[in-house]
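Structure, as structure tokens:
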Amino acid sequence: MSRLKPKHQRLVLLCAALVALGGASTLALTALGDKATYFYAPSDVFAHAPEPGTAIRLGGLVERGSVAKQPDGLTIAFRVTDNAREVPVRYTGIVPDLFREGQGVITEGRFGPGGVFMADTVLAKHDEKYMPPEVAGSLHKVGRVG
Amino acid sequence: MHRFANPARFLRIARVCTPLLTLSGLVLAAVGLWIGLFASPPDYQQGDSVRIMYVHVPAAWLASGGYLGLAISSGVALVWRHPLAGIAARAIAPVGALFTAICLVTGSLWGKPTWGTYWVWDARLTSMLVLLFLYIGYLALASAEDERHGGDVTLERGAAILAIVGVVNLPIIKFSVEWWNTLHQGPSITLTKSTIDPAMLLPLLTSLAGFSLLFGGIVLMRMRAALARQMVEARGRRLAEAYA
């Protein structure tokens, strides 16, 4: 076997290191799994019920027609859905401007009595669509956007 | 490849390319930002805060693209020991770090009116912050090594290895919004489709092209300055020896 030139040795070493690095990262990411997830969808909550009283984040869409202002004027009740399951949520406070029915939302809180999710924080999730209001308006008319 | 790796030839080409890239980049970025800030429609959901995108997206793209350039230059410097590659890596790093910081700050300013928060620890935001730390770590290590070896980039390996190891963060940034649930939205532009209205896509792509050319121009400028400094130092050493 002929000896490799030093620069070819270094090239082989670098390639081997990159392969090892890629393999190690893949293993680490697989082990991490959904622990790096920022929120659970309603279906996740039904599949693995969280311990009562533990703080979790619940995310999904605000179900259409589900937002109801409570008599105290500060609390709102709505349902978060992933189009498979839905969870009733109650929140007292000011919601972000983009909090709308049919839009994405992430709530932080814990399950209270009766399976109602008591949220301490509500964040609006933005989707990847960007368009001017006129375009959005005409799409709404032909019914392409929710 | 080796034809361009000759420093004298590189300097001849860079001398012509630097003003070309810098000027065309400034013009395109200015046109893109002007359309984006004044002559494009507001968004149906976000209103005027959508305009932050025309800075945020180019910054994010150059932060990641710049890091890839840093890692490739570092790899070439390690394997072929070519001084130009080491100089290129040193030239890219602070520019990439600056764009990463711009990306984080503009994203945060957009997040408050849109999401209702400046910052969350979701996978996309966290991996982007890690990218900034990788750049800062590279810069710190590189400057420590420069002091130790008197700026001879062929002897310096630590910073280059850090840059290459950090490459694992790039696919994590890219796919974070697909692998995990995140507050940050998924990609709007893919190779085959875009969910951004053409009236907004045009200024975005113009400003993206402008900032990319400007990035290239600044990197060439920094590389020429580094080579010039090396030549001055070498001449100084020769003169010192001649008079000794």
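One line per chain: the protein sequences are A and B, in this order.
Every letter in the first sequence is one number past the one before it in the working numbering, and letter 88, counting from 1, is 88.
Count along the second sequence starting at 1, add 1000, and that's the number in the working numbering.
Ideal Cβ positions, reconstructed from N, Cα and C, are used throughout, including at glycine.
Rounded to whole angstroms, what is the Cα-Cα separation between Gly1096 of chain B and Phe1211 of chain B? Taking the first residue of the second sequence as 1, we reach residue 1096 of chain B at position 96. Taking the first residue of the second sequence as 1, we reach residue 1211 of chain B at position 211. So the two alpha carbons sit approximately 12 Å from each other.
Kindly indicate which residue of A:Tyr130, A:Leu11, A:Ala16 and A:Glu86 has the alpha-carbon position closest to the one of Gly60 of chain A. In the first sequence, residue 60 of chain A corresponds to position 60, counting from 1. Comparing Cα-Cα distances from Gly60 of chain A to each of A:Tyr130, A:Leu11, A:Ala16 and A:Glu86, the minimum goes to A:Glu86.
Rounded separation between Met1221 of chain B and Arg1051 of chain B - CA only: For the purposes of this step, residue 1221 of chain B is taken as residue 221 along the second sequence, with counting starting at 1. For the purposes of this step, residue 1051 of chain B is taken as residue 51 along the second sequence, with counting starting at 1. Between Met1221 of chain B and Arg1051 of chain B, the C-alpha separation is close to 30 Å.
Using a C-beta cutoff of 8 Å, does Gly1186 of chain B count as contacting chain A? Here residue 1186 of chain B refers to the residue found at position 186 of the second sequence. Yes, Gly1186 of chain B lies at the interface with chain A (some Cβ there is under 8 Å from its Cβ).
At a CB distance below 9 Å, what residues from the region 1078-1100 of chain B approach chain D? Give them in sequence order. No chain D appears in the structure shown, which is made up of the protein chains A and B.
Contact with chain A by Tyr1044 of chain B, beta-carbon distance below 8 Å: For the purposes of this step, residue 1044 of chain B is identified with residue 44 of the second sequence, where counting begins at 1. Chain A contact via Cβ: present.
Only counting the same chain, and skipping five residues up and downstream in sequence, which positions put a Cβ closer than 7 Å to that of Leu21 of chain A? Taking the first residue of the first sequence as 1, we reach residue 21 of chain A at position 21. Closer than 7 Å at the Cβ level, and outside the excluded window around Leu21 of chain A, lies no residue.
Burial state of Met1231 of chain B (16 or more Cβ within 10 Å): Counting from one through the second sequence, the residue named residue 1231 of chain B turns up at place 231. It counts as exposed.
How would you call Ser1143 of chain B, buried or exposed, if buried means at least 16 neighbouring beta carbons within 10 angstroms? By 1-based counting over the second sequence, the position of residue 1143 of chain B is 143. Label assigned to Ser1143 of chain B: exposed.
Quick one: what's got a C-beta closer than 8 Å to Val67 of chain A's C-beta in the same chain, skipping five residues either side? Against the first sequence, residue 67 of chain A aligns to sequence position 67. So the list reads Ile76, Ala77, Phe78 and Glu101, once near-sequence residues are dropped.
Considering only the beta carbon of each residue, do Ile106 of chain A and Arg64 of chain A sit closer than 8 Å? Taking the first sequence and counting its residues from 1, the one referred to as residue 106 of chain A is at position 106. Taking the first sequence and counting its residues from 1, the one referred to as residue 64 of chain A is at position 64. No, they are not a contact pair.
Decide if the region 129-138 of chain A is in contact with the region 1174-1181 of chain B; the criterion is three or more beta carbon pairs, one per stretch, under 8 Å apart. No contact exists between the region 129-138 of chain A and the region 1174-1181 of chain B.
Between which two residues does the beta strand (DSSP E) containing Met118 of chain A stretch? Walking along the first sequence from the start, residue 118 of chain A turns up at place 118. Run containing Met118 of chain A: Phe117 to Lys125, per the beta strand (DSSP E) assignment.
Between Gly143 of chain A and chain B, is any beta-carbon pair separated by less than 8 Å? Walking along the first sequence from the start, residue 143 of chain A turns up at place 143. Residue placement at Gly143 of chain A cannot be trusted, given a pLDDT of 44 that sits under 50; what the coordinates show is reported in the next sentence. So no, Gly143 of chain A is outside the interface.
So what does DSSP say about Leu58 of chain A, is it helix, strand or coil? As a working note, residue 58 of chain A is residue 58 in the first sequence. Strand at Leu58 of chain A.
Using CA atoms only, rank isn't needed, just tell me which of B:Pro1041, B:Ile1035 and B:Ala1030 is closest to Asp1197 of chain B. Here residue 1197 of chain B corresponds to residue number 197 of the second sequence, with the count starting at 1. Checking every option, the nearest Cα to that of Asp1197 of chain B belongs to B:Pro1041.
With DSSP as the reference, identify every bridge partner of Glu134 of chain A, one or two as the case may be. Taking the first sequence and counting its residues from 1, one reaches residue 134 of chain A at position 134. Answer is none; Glu134 of chain A lacks a bridge partner.
Contact residues within the region 9-22 of chain A, judged by C-beta distance below 8 Å to chain B: Cβ contacts with chain B: Arg10, Leu11, Leu14, Ala17, Leu18, Leu21 and Gly22.
Pull the bridge partners of Ser1194 of chain B from the DSSP assignment, please. By one-based count along the second sequence, residue 1194 of chain B stands at place 194. Paired residues: B:Ile1189.
Contact with chain A by Met1200 of chain B, beta-carbon distance below 8 Å: Start at 1 with the first residue of the second sequence, and residue 1200 of chain B comes out as number 200. Closer than 8 Å to some Cβ of chain A, the Cβ of Met1200 of chain B qualifies, so yes.
Using three-state DSSP, classify Pro1171 of chain B as helix, strand or coil. Locating residue 1171 of chain B in the second sequence gives position 171, where the first residue counts as 1. Assigned with DSSP and collapsed to three states, Pro1171 of chain B falls in helix.
Please work out which residues of its chain come closer than 6 Å, Cβ to Cβ, to Ala1092 of chain B, disregarding the five sequence neighbours upstream and downstream, and give them in chain order. Taking the second sequence and counting its residues from 1, one reaches residue 1092 of chain B at position 92. At residue 1092 of chain B the sequence reads Ile, which differs from the Ala that was named. Closer than 6 Å at the Cβ level, and outside the excluded window around Ile1092 of chain B, lie Gly1066, Gly1069, Leu1070 and Val1219.
Tell me whether His8 of chain A sits in a helix, a strand or coil according to DSSP, three-state version. Residue numbering aside, residue 8 of chain A sits at position 8 when the first sequence is read from its first letter. In the structure shown, His8 of chain A sits in a helix (DSSP, three-state: H, G or I).
DSSP three-state call for Glu108 of chain A: helix, strand or coil? Taking the first residue of the first sequence as position 1, residue 108 of chain A is located at position 108. Residue state, collapsed to three classes: strand.
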